[in-house]
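Taking it in order: structure first as structure tokens, then the write-up.
There are 2 protein chains.
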Amino acid sequence: MKNKERIPTMKDVAAEAGVALGTVSKVFNGFPVGESYRIRVEQAAKKLGYRVNNYARGMRTNRTNTISIIMPMICHPFFSKLTECIIRELDSHNYNTFVSVTDRNPKAEARCIRMVAQNKTDGIIALTYDPDFNNIGNIPFVSIDRSFTGSCPCITSDNYTGGQIAAAKLHELGCRKLLYARTGSPVPGETDKRGYGFENWCQTNSVSYDIINAKVDNDQMIEKIREMVENGTFDYDGIFCSTDLLLILIRNELNRLGIRIPEDVQMIGFDGSIDFYTGLPVCSSIEQPIEQLAKVAVNTILNYDSENTPSLICLPVRYIPGPTTKDWI
Amino acid sequence: MKNKERIPTMKDVAAEAGVALGTVSKVFNGFPVGESYRIRVEQAAKKLGYRVNNYARGMRTNRTNTISIIMPMICHPFFSKLTECIIRELDSHNYNTFVSVTDRNPKAEARCIRMVAQNKTDGIIALTYDPDFNNIGNIPFVSIDRSFTGSCPCITSDNYTGGQIAAAKLHELGCRKLLYARTGSPVPGETDKRGYGFENWCQTNSVSYDIINAKVDNDQMIEKIREMVENGTFDYDGIFCSTDLLLILIRNELNRLGIRIPEDVQMIGFDGSIDFYTGLPVCSSIEQPIEQLAKVAVNTILNYDSENTPSLICLPVRYIPGPTTKDWI
DNA sequence: TTGTAAGCGTTATCAC
DNA sequence: GTGATAACGCTTACAA
């Protein structure tokens, strides 16, 4: 009767190598140990196929080499890329990654955080929308794109500058009456600054603009656009949209109403989405530096120091020409 | 001096409630306990904000309520959706999910599996390409889309039938000379059956067809197509592609060469990709039942019984019309 | 430098 | 039904 696949423990390794338990532990934790011992231990470990049990270690040390990420969804160009980049970056630091999805539902977000806390994660990277968010368990927490009231660091694109760039670009491309269209959660977040930057540039440069805001959802936005066009009050020649997705929706509606993009109206979105199938930009857009966002988030969480972490880190964005402006080849 | 945020343990709860440690454990594990005790324990737990420590529990029980998923990448329409569905499904069973990405690199795959084994995951759901894959650690393992040599269950779309459906549909839509184009890893996998089903239908129904295979990559495939068109040997009026992505690539090349889709050539892909921005099908396609794939994979892993799990589970596919066939409105 | 032993927070076994 | 007590696999003072 075979030994029934028993998973070898440190004790087994110690016995096999003929050394004390503590010595084995030291070898696996990089503490100095007599060379001959180290070799014996390593050989014994290899022979037995030993791997340290992270659960036992985690229990003892309260560190688990595990980070959790919390996303509204995965099946989405921006979120999937961000998720992938974060996982890759953590992996390169030898960390495992828990992933949860919340649907932007505060209840689900809270539940995730509880679960994650229970799993003794070393930290949380979250893109969350809970206005009442409260970091239970005192775990290092980094937020992406959503700034909490000073309680934890937020990593985000430089949304403000992005808004300015968009306005400037539209103007440079000949637009004289601009519109900023946004939808999104009513919760104030970093992304609101896209609009503020846009406004600021328009005001500073005395460019005429309007803002159209659909708090609830995209349908409402489309509805408003249609009304304006049908009323004849739609006289814009440049639109900045808070996301690429919104841009596409609006463009399709404008097309349907006989307005051509970019001939009649030029449009710039936000995200820098690339079409998966063609590799081309979905639209003209302000590109978010996703890889960097991920790298910085991971770095911040791994070097977390509650005293000394900055509360907001903005990463630079840039304009990418696409098929919705006249500078597209 | 405050108690420095000490996380309460079962012992604390027991003390607070004035009961024995074992009683608290029973309450939290649903074992029968005197009603008055249960109430005292629950109140004490709430008061202290106690949550059971999954690491300690995992160490004791060797179950962690954690599943790992291993994907080639996340930033991809099919994989991101699959990943999200699996996470959601696991979450609904109160499981946490580790996610790793491997880039289809066998070395990375092996590394992931090692890490995962070390973290004492309760099971692995993987979409892997390692021909020499070997399930170390004897962890329940479910493969998606890739059948190993009988060693573990594989969940997949009914690729064979999908191929048949595609051939039949093209024929129904008037195509008389068909082509099957595939790229992909040289490792034999479930997806190869797409071609077999296609061939089978053509043979059974005496429809003329060819197969073009680019083992290495997409560029090579595009090259071959171009050659055929330039040679004048391209006389197909219906193409079945092993993935939607490949379809788009080929379509773009054909367009460039002056061939119109679907007027001159009709095309059907595989995956059922929906354009994220418009919500419309990217192309005519055989749809994979992603949610179901996820559900079944999770179910299989959670009810794993090495004796009794089927080695292959095929889920039904269906044809979805899109802009690359003439039945598209 | 090496070995010993005391926990870490749970669960499971047994007497009571 | 309840409550001591011994593991689980590992780290870490501390003693040798």
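If you're matching them up, the sequences are chains H and B in order. Just add 1 to wherever you are in the first sequence, counting from 1, and you've got my numbering. Just add 1 to wherever you are in the second sequence, counting from 1, and you've got my numbering. Backbone N, C-alpha and C fix where the C-beta goes; we use that ideal spot for every residue, glycine too.
Asked, Found
"Residues in the segment 116-131 of chain B having any Cβ partner in chain H nearer than 8 Å", "Met116, Val117, Ala118, Gln119, Asn120, Lys121"
"Local Cβ density within 10 Å of Ile330 of chain B, reported as buried at 16 or more and exposed below that", "exposed"
"C-beta contact flag for Ile287 of chain H and Phe277 of chain H at 8 Å", "no"
"CB contact check: Asp92 of chain B to chain H, cutoff 8 Å", "yes"
"Beta carbon of Ile87 of chain H nearer than 8 Å to that of Thr98 of chain H", "yes"
"Beta strand (DSSP E) runs wholly inside the segment 177-232 of chain H, at least 3 long, in chain order", "178-184, 209-215"
"Beta-ladder partner(s) of Ala127 of chain H, from DSSP", "H:Ile71, H:Ser144"
"Whole-number beta carbon distance between Val318 of chain B and Ile156 of chain B, since they are thought to touch under 8 Å", "About 13 Å separates the two Cβ atoms, so there is no contact after all."
"is_contact[Ile262 of chain B, chain H] using C-beta, thresh 8 Å", "no"
"Neighbouring residues, chain H, relative to Cys76 of chain B (Cβ below 7 Å)", "Ser81, Lys82, Glu85"
"CB of Ala182 of chain B within 8 Å of CB of Ile269 of chain B, strictly", "no"
"Chain H contact for Gly406 of chain B (CB, 8 Å cutoff)", "Any question about residue 406 of chain B goes unanswered here, given that chain B covers just 2 to 330."
"Whole-Å CB distance - Asn75 of chain H paired with Ser81 of chain B, under 8 Å assumed", "The question names Asn, yet the displayed sequence has Ile at residue 75 of chain H. Right, the Cβ-Cβ distance comes to about 5 Å (below 8 Å), so this counts as a contact."
"Assigned exposure category for Lys327 of chain B - 16 Cβ within 10 Å defines buried", "exposed"
"Buried versus exposed, by CB contacts within 10 Å (16 or more), Gln44 of chain B", "exposed"
"Residues that Ser101 of chain B contacts on chain H, provided the C-beta gap is smaller than 9 Å", "Ile88, Asp92, Asn97, Thr98"
"Neighbourhood of Lys12 of chain B by C-beta distance below 7 Å, restricted to the same chain and skipping five residues each side", "Leu22"
"Separation of Gly323 of chain H from Gln289 of chain B, as counted between CA atoms", "31 Å"
"Run of the beta strand (DSSP E) containing Phe32 of chain H, from where it starts to where it stops", "Unbroken run through Phe32 of chain H: none, as it is neither H nor E."
"Unbroken alpha helix (DSSP H) run spanning Arg115 of chain H, endpoints", "107-119"
"Residues within the segment 245-277 of chain H neighbouring chain B, beta-carbon criterion of under 9 Å", "Asp245, Leu246, Leu248, Ile249, Leu250, Asn253, Ser274, Asp276, Phe277"
"CB contact below 8 Å: Met11 of chain B versus chain H", "no"
"DSSP three-state assignment for Asp272 of chain H, whether helix, strand or coil", "strand"
"Residue-chain proximity (Gly59 of chain H, chain B), Cβ-Cβ < 8 Å", "yes"
"Among H:Glu85, H:Ala109, H:Ser101, nearest to Asp104 of chain B - alpha-carbon criterion", "H:Glu85"
"8 Å Cβ cutoff met for Tyr56 of chain B and Tyr96 of chain H", "no"
"Residue of B:Asp245, B:Asn106, B:Ser209, B:Cys284 minimising C-alpha distance to Asn219 of chain B", "B:Asp245"
"Closer than 8 Å to chain B by CB, Val25 of chain H", "no"
"Exposed unless 16 or more other CB atoms sit within 10 angstroms - verdict on Arg7 of chain B", "exposed"
"Separation of Asp193 of chain B from Lys216 of chain B, as counted between CA atoms", "12 Å"
"Beta-carbon neighbours of Thr65 of chain H, restricted to chain B and to distances below 9 Å", "Tyr56, Asn120"
"Neighbour flag for Thr279 of chain H against chain B, beta carbons, 8 Å", "yes"
"Contact with chain B by Val143 of chain H, beta-carbon distance below 8 Å", "no"
"Within chain H, partners of Arg7 of chain B - CB distance below 7 Å", "Per Cβ cutoff of 7 Å: no residues; Arg7 of chain B is ~11 Å from chain H at best."
"Ala295 of chain B beta carbon near the ligand NAD (any heavy atom closer than 7 Å)", "Only the bare structure without any ligand can be found here, which leaves the ligand NAD out of the picture."
"CB contact below 8 Å: Pro107 of chain B versus chain H", "no"
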